[in-house]
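Q:
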Amino acid sequence: MERGLAVFLCAVAAFVFAACGARPAANAATEDWRDRATHELGEAAFGHAAAFVALGPKRVGTDEIRRAAEWIRSVLLDNGIRAEIDGFSDATPAGEMAFSNVAATIPAAGRPRGKKPPIVILGAHYDTKSGIENFVGANDSASGVGALLALAPVLAEAGLPFETRLLFFDGEESLRYYAANDGLHGSRHAAAALSAEEAGRVVAMILLDMVGDRDLRVDLERKTDKGLARRILRAAEKEGVREHFAVARGDFGLIDDHVPFRARGIPCADLCDFEYGEGRNAFWHTAEDTLDKISAASLGAVLKAVERVLYDLAKETP
Ligand SMILES: [Zn+2]
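The sequence shown begins at 29 in my numbering and counts up by one.
Set out below in structure tokens:
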């Protein structure tokens with residue numbers, strides 16, 4: 029992920045989901061899963077992140093990253109969630125390379141017959157940056173992976189009225205610098221694979237990247253879908269974790285895995301704390317990005333907000 033004054037082809041998101049068809053449903057199942065979700069999600073996420081770090085680096089195009097993809101799939105399977113490894117190849121500055129996304133779909137529950145459900149996409153990249161000595165990526169990328177893995181079994185039990193797709197992206201990091209053939213390989217592949225009909229059903233794409241910083245502050249970039257940003261801030265408020273969220277000052281854009289989805293007109297939010305280390309970004313892409321710099325409390329704060337957003341969406345899904 030990278031921050032810059034990039035100009036994006038930002039499709040205007042026709043996000044009317046919140047405005048129309050919203051109705052408060054006295055949905056007992058919806059209430060139940062939140063009650064059950066008083067578990068220690070942050071602890072679970074940290075545990076997964078620690079295990080993921082222990083696997084070693086996940087540099088693109090290597091055996092190690094293929095093993096990491098299998099590991100993610102096996103953790104999901106252990107929780108009763110079927111996941112697929114979606115292999116593909118893509119051009120890079122180092123030539124054509126093989127990549128593998130890991131994708132799991134939690135089906136919608138209790139849908140009216142013949143009516144296709146809305147879709148929510150939750151994403152995180154799992155590759156680690158190449159070319160940095162002793163880089164393990166505790167925050168970038170294990171925090172996002174750990175968070176999604178902790179959330180997955182909760183969502184599978186929740187009986188949500190929308191389809192939830194969990195996407196673990198390969199090739200987010202660039203080999204040199206972000207370009208059409210460098211970085212965001214997995215997310216570009218996954219976004220392109222959505223049919224127009226599917227893309228139209230995606231009501232939210234939430235990306236989790238660098239969400240474990242002990243000193244957590246998720247800055248929502250101004251390009252964040254407005255409705256989704258409001259939801260996230262409101263959710264954080266309700267969950268008592270609002271101090272960890274802010275709307276970023278300045279009109280910068282994050283180059284991250286949400287960008288290809290936004291280009292498809294999908295409402296996106298990148299939950300990313302891009303001040304990792306002493307108010308600057310001192311630990312980012314350095315050997316300092318280690319487990320002791322992230323915490324279960326921070327992961328838990330982000331997950332509480334995400335859970336609440338999903339809960340609110342569930343209540344409003346007709
Ligand atoms: Zn990175």
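We put the CB at the ideal spot given by N, CA and C, even for glycine.
Quick check: does the Cβ of D168 come within less than 7 Å of any heavy atom belonging to ligand 1?
A: yes
Q: Spatial neighbours of L37 within its chain, please: CB distance less than 8 Å, with the 5 preceding and 5 following residues excluded, ordered by chain position.
A: Note that L37 scores a pLDDT of 30, beneath 50, so its modelled location is shaky; the value from the coordinates is reported in the next line. So the list reads A291, once near-sequence residues are dropped.
Q: Hey, quick one: how far does the beta strand (DSSP E) through F273 stretch, first residue to last?
A: Where F273 is concerned, the enclosing beta strand (DSSP E) stretches over F273 to V275.
Q: Roughly how many angstroms lie between the CA atoms of A41 and G328, to the nearest whole one?
A: With a pLDDT of only 32 at A41, under the threshold of 50, the placement of this residue in the model should not be trusted; the figure read from the coordinates follows. Roughly 29 Å separates the two Cα atoms.
Q: Count Cβ pairs between the stretch 237 to 252 and the stretch 272 to 286 that sit closer than 8 Å; are there 3 or more?
A: yes
Q: Could you give the distance in angstroms between the alpha-carbon of K254 and the alpha-carbon of A297?
A: 9 Å
Q: Is it the case that the CB of K157 approaches a heavy atom of ligand 1 more closely than 7 Å?
A: yes
Q: So, under 8 Å CB-CB, S128 and D114 are touching, yes? Tell me the CB distance rounded to an integer number of Å.
A: About 7 Å separates the CB atoms of S128 and D114; that is less than 8 Å, so the two are in contact.
Q: From the DSSP secondary-structure annotation, give me the bridge partner or partners of V148.
A: In the DSSP output, where bridge partners are listed per residue, V148 has T192 and A232.
Q: Can we count D271 as close to ligand 1, meaning its CB is less than 7 Å from some heavy atom?
A: Note on identity: in this sequence residue 271 is Glu, with Asp being the wrong assignment. E271: no, Cβ never under 7 Å from ligand 1.
Q: Return yes when at least one heavy atom of ligand 1 lies under 7 Å from the C-beta of E201, else no.
A: yes
Q: Start and end of the alpha helix (DSSP H) containing V269?
A: V269 -> no alpha helix (DSSP H), and no H or E assigned at all.
Q: For the alpha helix (DSSP H) holding F289, just list the boundary residues, first then last.
A: V287 to R290
Q: Looking only at DSSP bridge pairs, what is H153 linked to?
A: F197
Q: For the candidate residues G293, L104 and I134, whose alpha-carbon lies nearest to that of G228?
A: G293
Q: Do you know whose CA, among F197, S223 and A166, lies nearest H286's CA?
A: F197
Q: Just verifying my parser: in three-state terms, what is the DSSP assignment at L248?
A: Residue state, collapsed to three classes: strand.
Q: Excluding the 5 residues preceding and the 5 following A136 in the sequence, name in chain order all residues of the same chain whose CB lies nearer than 6 Å to its CB.
A: Leaving aside the five residues that flank A136 on each side, the residues in its chain whose CB is nearer than 6 Å to its CB run, in chain order, P145, P189, F190 and E191.
Q: How many angstroms separate the CA atom of D320 from the CA atom of E161?
A: Rounded to the nearest angstrom, the two C-alpha atoms are 18 Å apart.
Q: So, helix, strand or coil for G347, using DSSP?
A: Summary: the structure shown does not reach residue 347, with the chain confined to residues 29 through 346, and so no result is reported for it.
Q: Start and end of the alpha helix (DSSP H) containing G172?
A: G172 to A186
Q: Taking the beta strand (DSSP E) that L327 belongs to, which residues open and close that run?
A: Where L327 is concerned, there is no enclosing beta strand (DSSP E), although the alpha helix (DSSP H) it sits in stretches over A324 to E344.
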